Structure formats: structure tokens, C-alpha cells
Ligand code: NI
């Protein structure tokens with residue numbers, strides 16, 4: 005970890021007002037912490053844009069397990085990708101709907117392709133791949 009550097013930022017006052025509203029809505033104690041998070045988010049996006057090396061993410065799926073063959077298809081896809089699936093959680097939301105959260109760590113391109121394959125599987129009602137980081141490249 006490097007030393008802390010202070011730097012000045014010139015901003016339009018209306019933009020700063022909107023940013024302060026954002027900080028309050030998100031419960032940031034200081035502007036500095038909010039800015040640090042914005043920078044980290046940008047750096048994580050950059051890691052994903054370059055799709056370089058090992059990354060981490062979570063995939064959420066909602067589907068009706070009564071749909072013919074769907075549960076089996078989703079399980080088969082996941083078994084084919086067991087190398088990048090660290091863990092998964094299955095919750096029976098109601099009589100029909102299941103929610104699955106799959107934790108992924110591995111090659112960025114493989115994670116993105118797997119996410120898209122599962123989300124686009126016929127019968128999946130909603131899917132979301134949240135791309136994050138292993139944290140190794142961040143402070
Ligand atoms: Ni279920």
C-alpha cells in the first residue's frame with residue numbers, strides 16, 4: 005500500500021451537489037471514500053475490459069424448475085465448467101421458482117462465456133452476472 009496523497013479536483017458546483025446527494029444516499033461518510041470506490045469500480049471495469057487473467061464474479065439465475073429439462077440442462081452446463089465454479093446456492097423461492105447464486109473464479113473470458121450461456125438458456129426468467137475482482141490488483 006502506497007502513501008496517502010491529497011489532490012484537488014475542480015468541479016461545477018451543480019455536479020458537486022449531485023455527487024454529495026449520491027454520497028448521502030449511499031451512506032458515504034466522506035467524499036474521499038466515495039471517490040475511492042468510484043476509482044476502484046473503474047479499475048475493475050478496466051480489468052474486465054482487458055479480460056486478462058483471473059477474475060471473480062457472481063451469477064444469479066431465476067428459473068421455473070417445472071420447465072421440462074431446464075434444471076438438468078443448467079446442471080450439465082455447470083458440471084462442464086466445474087473448474088471456475090467455486091460454490092453455488094439454490095433457494096426454492098416458491099412452488100415454481102428457484103433462485104441460484106453461483107460464485108465464479110477463473111479466466112475472465114470463460115466466466116463471461118459461462119454467464120452468458122446460463123443466462124441465455126431457454127426458460128431462465130432472469131439472470132445477472134456481476135463482475136468483480138479477486139482483489140489482488142486493488143488497494
Ligand atoms: Ni428450487
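In the numbering used here, the protein residues as written are 5 to 143. Heads up, the beta-carbon is just placed ideally off N, CA and C, and yes, glycines get one too. Predicted, not measured: the structure shown is a model, and the values here were computed from it.
As assigned by DSSP and simplified to three states, the class of residue i
i	result
residue 12	coil
residue 136	strand
residue 64	strand
residue 88	coil
residue 94	strand
residue 99	coil
residue 71	coil
residue 7	coil
Cutoff 6 Å; reference residue i; Cβ partners in own chain excluding five residues on either side
i	result
residue 119	63, 133
residue 71	127
residue 135	52, 61
residue 69	75, 102
residue 5	143
residue 148	With the chain covering only 5 through 143, there is no way to say anything about residue 148.
In DSSP terms, what residue i is bridged to
i	result
residue 109	60
residue 131	65
residue 104	65, 94
Closer than 7 Å: residue i CB and nearest ligand 1 heavy atom
i	result
residue 94	yes
residue 69	yes
residue 102	yes
Own chain, CB closer than 8 Å to residue i, minus 5 neighbours either side, in chain order
i	result
residue 122	63, 65, 78, 81, 82, 106, 128, 131
residue 19	none
Ligand 3 heavy atom lying under 7 Å from the CB of residue i
i	result
residue 93	Ligands displayed in this structure: ligand 1; ligand 3 is not among them.
Chain-order list of residues whose beta-carbon lies under 7 Å from that of residue i (same chain, five-residue window excluded)
i	result
residue 137	48, 51, 59, 60
residue 17	none
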